[in-house]
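Participant: Residue numbers (my numbering): 3 to 502.
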Amino acid sequence: MRRPLAMLIGLAIALPGAAAAQEEHHHHPAPEHLGQVRFATTCAPAVAAAFDRAVALLHSFAYEDADKAFADVAARDPACAMAHWGRAMTHYHQLWDTPAGAGLAAGQAEIRLAQAGAASGPVSSRERALIDALASYYADADSVPPAARALRYSGAMAAAARAWPADDEIAAFYALSLIATASPGDRTHARQAMAADILEPIWRRHPDHPGAPHYLIHAYDSAALAQRGLPAARAYAKIAPSAPHALHMPSHIFTRLGLWDDSIASNIAARDAARAQGDVGEALHAMDYLTYAYLQRGRVEEARRQVAELATLPGLSGGGFKIGYAGNAMPVRLAVETGDWAGAARLTPMAGSSPQVAALVWWARALGQVRGATPAPQAADADIAQLQACRDALVAQHDAYWAAQTDVLLKSAQAWRAAALGQGEAAVADLTAAADEEDALEKLPLTPGPIVPAREQLGELLARLGRPREAVAAFDAALALAPGRLGAERGRAAALQAAR
């Protein structure tokens, strides 16, 4: 081993005097704070600090900057096989999307370079295990489904964690793989709990590590576990404030617990930092969570300003999930949560949107046709047909999670159409089925949650049908999974009053 070196990323070096600082401050950008990472390699000692910084960026999902940082390491030390492992890791966005196209090809090319370097250079058995584990994900991508390859990678990381039980970096990446391969249908959250059991001791040993609190937030991002995630949520942004994603991540827990003011503050900071760094995707991700939180606090004008900003961003495409989801979801949230049914009916999906993202807009359009002052059930048929097409496309892609989520939207739209036609019992049956289907699945760690939970919609429908006691029960169930939602709280209060 040529070096086990620790580096405190973002160490500020003080100038000799206050006068010099005042005169020359414009020459010195704010110090970078990404947290503390210790990652032993056999790479040249001269690139040790740069490698640690690249891993710190990777732990905060700053993928593009991490890729540049690992590329710099590779340029400075061509024999550093782990630099190519790092670049390959930046193309595997475990919690966001599946590498495809150019991203997949780039990841495969880098892991081949890492394997070649491991074959010809003096790498450690630990490094070889990490390279081989990631190679198991990229192998056979044309014939093995991504989910199976993700499980294969997680299994290889489990073996590495057993072989090097004292290595906290291996353990942290293994924990992330557990979260990434957790089944949305497992309401026991078994793999998330396993990950948390690994991460909590790491965080106690290394309180400035960026990955441990980040991945803990993801592990605890569920109604059942969110309270346990508050310490990590309170800490992560302070550990890595130079990473916009670190500033945003606490809002995952704040959203789960209905801590809207905390979520607003978190996402304003993340949005502004992402803008300053030119990270459009991260800025939009924060703006989506911010819009959601503003609406739950009744701050409609501020939510409207966030949505209006979308029109000022040129060249947005719905092709990538992060931008596509936020760009489509924000106008839908605003229209549906404020009951602007005419506005909802006029929405259109962003060009290039994936079926699961476009479905949000077709759902909003259908509701806009049937929930306004003058319902037009037949006018919703075309939008409902588009919803069906989105669901069928996802079924054909064997994307069971998003097919189910889109089916929930489809049942919801059909329910409100039936209600507009005076078919109350059919409407209740459809929305009950939608709520049951939605409640059986945990949301993926990508979004604040459904635009309006189906169980909350069921409460609205039951109240409209003059069944306030049943409506209260539906609102109670909705609030148990999504505390503090303004629509559910207002609906419950009105239903309680009507039941007296």
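Don't be surprised by glycine CBs; every beta carbon is placed ideally from N, CA and C.
For G246 and S268, what's the separation of their Cα atoms in angstroms?
Facilitator: Looking at the sequence itself, residue 246 is Pro, so the reference to Gly does not match. Those two C-alpha atoms are separated by around 10 Å.
Participant: Between which two residues does the beta strand (DSSP E) containing G37 stretch?
Facilitator: Here the beta strand (DSSP E) through G37 covers 37-40.
Participant: Report the residue from S253, T190, P186 whose alpha carbon sits nearest the alpha carbon of H216.
Facilitator: H216 has its Cα closest to that of S253, out of S253, T190, P186.
Participant: Run through DSSP, which three-state label would T43 get?
Facilitator: T43: strand per DSSP, three-state reduction.
Participant: Are the stretch 260-267 and the stretch 290-307 touching by the rule of at least three beta carbon pairs closer than 8 Å?
Facilitator: Touching, yes.
Participant: I need the straight-line Cα distance from D441 to G105, nearest angstrom please.
Facilitator: Using only the alpha carbons, I get a separation of about 33 Å.
Participant: Could you tell me the boundaries of the alpha helix (DSSP H) in which M196 lies?
Facilitator: Unbroken alpha helix (DSSP H) run through M196: 192-207.
Participant: Under a Cβ-count criterion, where at least 16 other Cβ atoms within 10 Å of its own Cβ denotes burial, should E339 be classed as buried or exposed?
Facilitator: With 16 or more Cβ atoms within 10 Å of its Cβ, E339 is classed as buried.
Participant: Three-state secondary structure (DSSP) at C392?
Facilitator: DSSP places C392 in helix when its eight states are reduced to three.
Participant: Would E129 be called buried (16 or more neighbouring beta carbons within 10 Å of its own) or exposed?
Facilitator: With 16 or more Cβ atoms within 10 Å of its Cβ, E129 is classed as buried.
Participant: Consult DSSP for V334 and reduce its assignment to one of helix, strand or coil.
Facilitator: Reduced to three states, the DSSP call for V334 is helix.
Participant: Can you tell me whether H220 is buried or exposed, with buried defined as 16 or more other CB within 10 angstroms of its CB?
Facilitator: Classification of H220: buried, given that the 10 Å Cβ count is 16 or more.
Participant: Tell me the DSSP secondary structure of H400 in three-state form.
Facilitator: DSSP places H400 in coil when its eight states are reduced to three.
Participant: If A1 sits next to G37, beta carbons under 8 Å apart, how far is it from one beta carbon to the other, in whole angstroms?
Facilitator: Because the chain here runs from 3 to 502, residue 1 falls outside it and cannot be looked at.
Participant: Below 8 Å, how does it come out for the stretch 357-371 and the stretch 379-397: are there three or more Cβ pairs, yes or no?
Facilitator: Counting Cβ pairs under 8 Å, three or more are found: they touch.
Participant: Where D142 and A276 are concerned, what is the direct C-alpha to C-alpha distance, given to the nearest angstrom?
Facilitator: Going from the Cα of D142 to the Cα of A276 covers about 35 Å.
Participant: Out of L115, L423, L448, I204, state which residue places its alpha-carbon closest to the alpha-carbon of P186.
Facilitator: For P186, the nearest C-alpha among the options comes from L448.
Participant: Residue ranges of each alpha helix (DSSP H) run of no fewer than 4 residues wholly in the stretch 428-468, ordered along the chain?
Facilitator: For the stretch 428-468, whole alpha helix (DSSP H) runs of length 4 or above, ordered along the chain, are 456-466.
Participant: Excluding sequence positions up to five away, which residues of its chain have a Cβ less than 7 Å from the Cβ of L178?
Facilitator: Q96, Y217.
Participant: Taking 8 Å as the threshold (C-beta atoms), are A422 and L389 in contact?
Facilitator: Their beta carbons are not under 8 Å apart, which means L389 does not touch A422 by this criterion.
Participant: Please list, in chain order, all residues of the same chain as P167 whose beta carbon is under 6 Å from its beta carbon, the five residues on each side excluded.
Facilitator: There are no such residues.
Participant: State the Cα-Cα distance for the pair H208 and I241, rounded to the nearest angstrom.
Facilitator: Approximately 11 Å, taken between the alpha carbons.
Participant: Where does L483 land, buried or exposed, given buried means 16+ other C-beta within 10 angstroms?
Facilitator: It counts as buried.
Participant: Please work out which residues of its chain come closer than 8 Å, Cβ to Cβ, to T408, disregarding the five sequence neighbours upstream and downstream, and give them in chain order.
Facilitator: So the qualifying residues of the chain are P357, Q358, A361, L389, C392, R393, L396.
Participant: Compute the Euclidean distance between the alpha carbons of L318 and A51, then round it to the nearest angstrom.
Facilitator: In a straight line, the C-alpha of L318 is about 36 Å away from that of A51.
Participant: Over what stretch of residues does the alpha helix (DSSP H) that includes T92 continue unbroken?
Facilitator: Taken as a continuous stretch (DSSP letters only), the alpha helix (DSSP H) holding T92 covers 83-92.
Participant: Quick check on DSSP: helix, strand or coil for M251?
Facilitator: M251 falls in the coil class under three-state DSSP.
Participant: In chain order, which alpha helix (DSSP H) runs of at least 4 residues are fully inside the stretch 218-270?
Facilitator: Runs of the alpha helix (DSSP H) inside the stretch 218-270: 232-241, 246-250, 252-259.
Participant: Verify whether the separation of the beta carbon atoms of V2 and I255 is less than 8 Å.
Facilitator: Since the first residue of the chain shown is 3 and the last is 502, residue 2 is not available in this structure.
Participant: So what does DSSP say about A168, is it helix, strand or coil?
Facilitator: Coil, per DSSP.
Participant: Please report how far the alpha carbon of G300 lies from the alpha carbon of T257, in whole angstroms.
Facilitator: Cα to Cα, G300 sits roughly 15 Å from T257.
Participant: Just to confirm the assignment, what range does the alpha helix (DSSP H) spanning A482 have?
Facilitator: Start and end: 470-483.
Participant: Which of helix, strand or coil does DSSP assign to D54?
Facilitator: Residue state, collapsed to three classes: helix.
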